[in-house]
Amino acid sequence: FVYGPGHDEL
Amino acid sequence: NLFRIFGDLSHLASIGILLHTVRSTQSIDGISFKTQALYALVFMTRYLDLFTWHWVSLYNFLMKVFFLASSVYIVVLLQQFRTKNPIAYKEMVLQDTFKIHFLLLGSLVAGLCFHHRFTLLEILWSFSVWLESVAILPQLFMLSKSGRAQSLTVHYIFALGLYRFLYIFNWIWRYVSEARVDKIAVVAGIVQTAMYSDFFYIYYKKVIRGNAGNLP
Chain A
1 FVYGPGHDEL
Chain B
1 NLFRIFGDLS HLASIGILLH TVRSTQSIDG ISFKTQALYA LVFMTRYLDL FTWHWVSLYN
61 FLMKVFFLAS SVYIVVLLQQ FRTKNPIAYK EMVLQDTFKI HFLLLGSLVA GLCFHHRFTL
121 LEILWSFSVW LESVAILPQL FMLSKSGRAQ SLTVHYIFAL GLYRFLYIFN WIWRYVSEAR
181 VDKIAVVAGI VQTAMYSDFF YIYYKKVIRG NAGNLP
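Going down the list, the sequences are from chains A and B.
Just so we're aligned, residue 1 is where the first sequence starts under our numbering, counting upward by one.
Just so we're aligned, residue 1 is where the second sequence starts under our numbering, counting upward by one.
Following this line, the structure appears as structure tokens:
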């Protein structure tokens, strides 16, 4: 379960 | 995933619709300058990672550059009407009366309260996400005040709303397939989609069922 900034979305 | 791609494409389409119509009809009737300026600010504060070494993909990079450039271009295009068509510009300013400092202040507070890390980039990223969720309000306010919807603004807002709607399914998809969730983006995204839900109902009545009615 990954929570947090991937910021790979626009 | 498909939801995300179609969401992004719908976002692209909304900008395309706006740019094409303004350029081809030379009319800005019904467009909120404030909403467009807020979107430019949203992308300026969100895509600062373009200037860091945070690389996602070529797709991601090109889309960011496009959204950044196009949002600034729209603001410049609208500003040109100040001299090109002062009457139309003045009419827009007179109708565009939503008090955006509440939105800016609220987003700043939300950004300071809810963020992934207490760094300038992360706080600005969070600020941009919250601001995007409410940036359409001046436009919706203008529509409801004038009581008539230009086909331009109606299709534009529909495409934007569709983009947010598809992103919610994208998050559900990612939660299931990648076990990944970004709480800030999800909560703000739901807020944003809720803002549009009333508009979707009007769009359904007006466009799909063909009622040439007014906005309540």
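Even glycine gets a Cβ: it sits at the ideal position worked out from N, Cα and C.
Please read all numbers here as calculations on a predicted model, not as lab measurements.
Contacts that residue i makes with chain A (C-beta to C-beta distance below 8 Å)
i       : result
N60(B)  : D8, L10
M63(B)  : L10
F67(B)  : L10
A185(B) : E9
E54(B)  : The displayed chain sequence assigns His, not Glu, to residue 54(B). The contacting residues are H7.
Backbone CA spacing between residue i and residue j [nearest angstrom]
i       : j       : result
V75(B)  : R82(B)  : 11 Å
K64(B)  : L58(B)  : 10 Å
Y89(B)  : S177(B) : 48 Å
F165(B) : I87(B)  : 36 Å
Y203(B) : L140(B) : 13 Å
W173(B) : Y167(B) : 9 Å
Y47(B)  : Y201(B) : 32 Å
M44(B)  : V93(B)  : 23 Å
F61(B)  : T52(B)  : 12 Å
G6(A)   : F3(B)   : 18 Å
L103(B) : Y163(B) : 21 Å
V187(B) : D29(B)  : 33 Å
G16(B)  : L38(B)  : 18 Å
S24(B)  : S107(B) : 35 Å
Residue i classed as buried or exposed, judged by whether at least 16 other C-beta atoms fall within 10 angstroms
i       : result
Q80(B)  : exposed
S70(B)  : buried
W130(B) : buried
S151(B) : exposed
H115(B) : buried
S10(B)  : buried
L112(B) : exposed
Y73(B)  : exposed
T119(B) : exposed
L105(B) : exposed
K34(B)  : buried
V42(B)  : buried
W125(B) : buried
A179(B) : exposed
Residue i versus the options, residue with shortest Cα-Cα distance
i       : options                            : result
S128(B) : G30(B), V56(B), I184(B)            : I184(B)
F199(B) : I5(B), M142(B), L104(B), Y175(B)   : M142(B)
F98(B)  : L137(B), S24(B), L12(B)            : L137(B)
G189(B) : L104(B), T153(B), L62(B), S133(B)  : S133(B)
F67(B)  : L78(B), L50(B), L112(B)            : L50(B)
L19(B)  : M195(B), L77(B), Y196(B)           : L77(B)
E91(B)  : S27(B), V42(B), V72(B)             : S27(B)
Q36(B)  : D96(B), W53(B), W55(B)             : D96(B)
E122(B) : T153(B), D182(B), Q192(B), F102(B) : D182(B)
F158(B) : V56(B), M195(B), K34(B), N85(B)    : M195(B)
E8(A)   : D29(B), V109(B), W171(B)           : In the sequence as presented, Glu is not what sits at residue 8(A); that position holds Asp. Ranking D29(B), V109(B), W171(B) by Cα distance to D8(A) puts W171(B) first.
F6(B)   : H101(B), F169(B), K145(B)          : F169(B)
Under 7 Å by beta carbon: chain A residues contacting residue i
i       : result
W173(B) : The premise fails here: W173(B) is roughly 12 Å from chain A at the closest Cβ pair, so nothing lies under 7 Å.
D29(B)  : Ordered by position in chain A, no residue passes the 7 Å Cβ test against D29(B), which lies about 29 Å from the chain.
D49(B)  : H7
D8(B)   : L10
Contact test: residue i Cβ vs the ligand NAP heavy atom, cutoff 7 Å
i       : result
R164(B) : This structure lacks the ligand NAP; in fact it carries no ligand of any kind.
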